[in-house]
Amino acid sequence: MHVRLVETLQPHSTRPGRRETVAFVIPLYNEEEVLPVLIREVEAYRAAHPEVTEVVLVDDGSTDGTASLIRSLTEGRPGYVLLRFSRNFGHQLAITAGMHCVSADAAVVLDGDLQDPLDVVTQMIEKWRQGFDVVYGIRRERHGDGLLKRWTARLFYRLFQHLTDVDAPLDAGDFRLVSRPVLDAYRQIEEHQPYVRGLIAWLGFNQTGVFYDRPPRAAGRSKYPLRRSLRLAFDGIASFSVRPLRYAVRLGLLVAALSVIGLVWVLLAKYAFGNTIPGWSSLIFAAFFFGGLQLFFLGVVGSYLARVYEEVKARPRYVVRERWVSEPAEASPAAGREPETARVRS
Ligand code: UDP
Ligand code: MG
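Encoded structure:
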């Protein structure tokens, strides 16, 4: 029987006679301080690596002068696209919108604070040329982060692996290269609270990693306090696992079983041995403990329900208020694709 390939998500780079291109996707939230250094570094990198034809900067609703600074710093430099969100939609949606916009053959997602070193990008591009579709950066050392952040992050990645069936690499953040087929596949995902690193792992394709040491921020302050990190962690687990709900069921059954045993014991104590329990402290402890436990798991159930609620509302995931390109669209190879819900005014 004759078997032929009818359709494939073919990387553009494999098409003969075509120069492969790479885009940077950089989310920015109140990053005024680091922007001059960032653009300087990116320009230096592009001078040595002309395959980087496109730089998508996503201004995630900054309240400082980030957007206007981007415009003045990139003026006259080819290949820059600025997406301005109408408000702060969060890091994960900023990355998502950036990836939707990329028109190059591959995209490298990196933080605006230069905590994701550009020399690692070169290794990523190399791996991509060898045929990998996803090349993620694995954090070996995290020089810039405090002890609490390092340990909670470490713990989280292990918990995520334990609780979900997704084969997500340990200690890899959002710093990664993704090829055109992966970008196209990612476009089809319509989750409202995307946990990007989990979704990319879930997509499959040929994935690999490169190790790197994470330097401290180049300037400015972290936009991820513990509270936000915890939310991201819960989003990640909740979007890939229903196991916490199952644990709630099991724990509930266990507590019910224990209470039956306790009841038997109490009845025996009263009618067989005749001594009633005088201590109220044990009672009050039990009341608090199980009350707290119930509230906790009610919260877990509620969070899942909230996710369902978010998904059914069918609102746009992000709103782009303006889209700027640093050169006239015809002249620039990197006019960028339309973001998902573009309300383009410029
Ligand atoms: N960021 C964003 N929206 C947010 C929070 C952060 O676009 O709501 C960007 C931020 O500007 C930076 C990147 O996401 O480029 C990573 O944030 P940050 O460096 O503050 O996180 P950390 O490295 O401390 O985990
Ligand atoms: Mg950072």
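Going left to right, the sequence shown walks through residues 0 to 345 as numbering that gives the first Met the number 0 numbers them.
Glycine is no exception: its CB is placed at the ideal position from the N, C-alpha and C atoms.
Keep in mind the model is a prediction, meaning the values are calculated, not measured.
Three-state class that DSSP yields for residue i in the structure shown
{"i": "H11", "result": "In this predicted model, H11 has a pLDDT of only 49, less than 50, meaning its place in the structure is not dependable; the value taken from the coordinates is given anyway. Residue state, collapsed to three classes: helix."}
{"i": "Y211", "result": "strand"}
{"i": "I236", "result": "helix"}
{"i": "D58", "result": "strand"}
{"i": "F23", "result": "strand"}
{"i": "S345", "result": "Note that S345 has pLDDT 38, beneath the 50 cutoff, so the model's placement of it is unreliable and the number below is only indicative. If DSSP states are grouped into helix, strand and coil, S345 belongs with coil."}
{"i": "A105", "result": "strand"}
{"i": "L113", "result": "coil"}
{"i": "G136", "result": "strand"}
{"i": "L304", "result": "helix"}
{"i": "F84", "result": "strand"}
{"i": "R227", "result": "helix"}
{"i": "V2", "result": "coil"}
{"i": "Y79", "result": "strand"}
{"i": "Q187", "result": "coil"}
{"i": "V51", "result": "strand"}
{"i": "Q293", "result": "helix"}
{"i": "Q129", "result": "coil"}
{"i": "Q192", "result": "coil"}
{"i": "P338", "result": "coil"}
Extent of the continuous alpha helix (DSSP H) run through residue i
{"i": "I69", "result": "T65 to T73"}
{"i": "F155", "result": "L146 to L162"}
{"i": "G143", "result": "Unbroken run through G143: none, as it is neither H nor E."}
{"i": "R249", "result": "R242 to L266"}
{"i": "I94", "result": "H90 to C100"}
First and last residue of the uninterrupted beta strand (DSSP E) at residue i
{"i": "A46", "result": "It is not in any beta strand (DSSP E) - A46 instead sits in the alpha helix (DSSP H) that spans L34 to A47."}
{"i": "A171", "result": "A171 to S178"}
{"i": "R196", "result": "Here R196 belongs to no beta strand (DSSP E); instead the alpha helix (DSSP H) covers V195 to L202."}
{"i": "V319", "result": "V319 to V324"}
Buried/exposed call for residue i, threshold 16 Cβ in 10 Å
{"i": "A105", "result": "buried"}
{"i": "R126", "result": "Contrary to the premise, residue 126 reads as Lys rather than Arg in this sequence. K126 should be labelled buried."}
{"i": "H90", "result": "buried"}
{"i": "A305", "result": "exposed"}
{"i": "H99", "result": "buried"}
{"i": "D166", "result": "exposed"}
{"i": "Q206", "result": "buried"}
{"i": "E30", "result": "buried"}
{"i": "G172", "result": "buried"}
{"i": "V343", "result": "In this predicted model, V343 has a pLDDT of only 42, less than 50, meaning its place in the structure is not dependable; the value taken from the coordinates is given anyway. Classification for V343: exposed."}
{"i": "E19", "result": "buried"}
{"i": "S325", "result": "buried"}
{"i": "A330", "result": "Low confidence applies here, because A330 scores a pLDDT of 49, under 50, leaving its location unreliable; read the following figure in that light. It counts as exposed."}
{"i": "A96", "result": "buried"}
{"i": "D183", "result": "exposed"}
{"i": "P315", "result": "exposed"}
{"i": "V241", "result": "exposed"}
{"i": "V259", "result": "exposed"}
{"i": "S71", "result": "exposed"}
> When a residue counts only if its C-beta is closer than 6 angstroms to some heavy atom of the ligand MG, which residues count, in chain order?
Replying inline: D110, D112, Q114, R216 and S221
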